[in-house]
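Numbering of the sequence shown is given in my numbering, commencing with residue 52 and proceeding in unit increments.
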Amino acid sequence: MGLSPDAALWAIIVGVAGFLGIVAVVSWGLGQYRVKRLARRNTGAYEHRTGVDV
Numbered sequence: 052m053g054l055s056p057d058a059a060l061w062a063i064i065v066g067v068a069g070f071l072g073i074v075a076v077v078s079w080g081l082g083q084y085r086v087k088r089l090a091r092r093n094t095g096a097y098e099h100r101t102g103v104d105v
């Protein structure tokens, strides 16, 4: 396979961008989970009393 330098460069750029995108989504998801877990812990008494899932 004879990739031209431009094609190889684009492949690297796309690969890095995709990897960073995945990392960003995962870290955002973990952040959302952490925030919800903290909120649930802080409002646990209210949630238990009312049965409302925060």
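Glycine residues also receive a C-beta, built at the ideal position from the N, C-alpha and C atoms.
Three-state secondary structure (DSSP) at residue i?
{"i": "Leu54", "result": "coil"}
When we look at the beta-carbon of residue i and count the other beta-carbons within 10 Å, is it buried (16 or more) or exposed?
{"i": "Val67", "result": "exposed"}
Who are the near neighbours of residue i in its chain, counting only those whose CB is closer than 8 Å to its CB and skipping five residues on each side?
{"i": "Trp61", "result": "none"}
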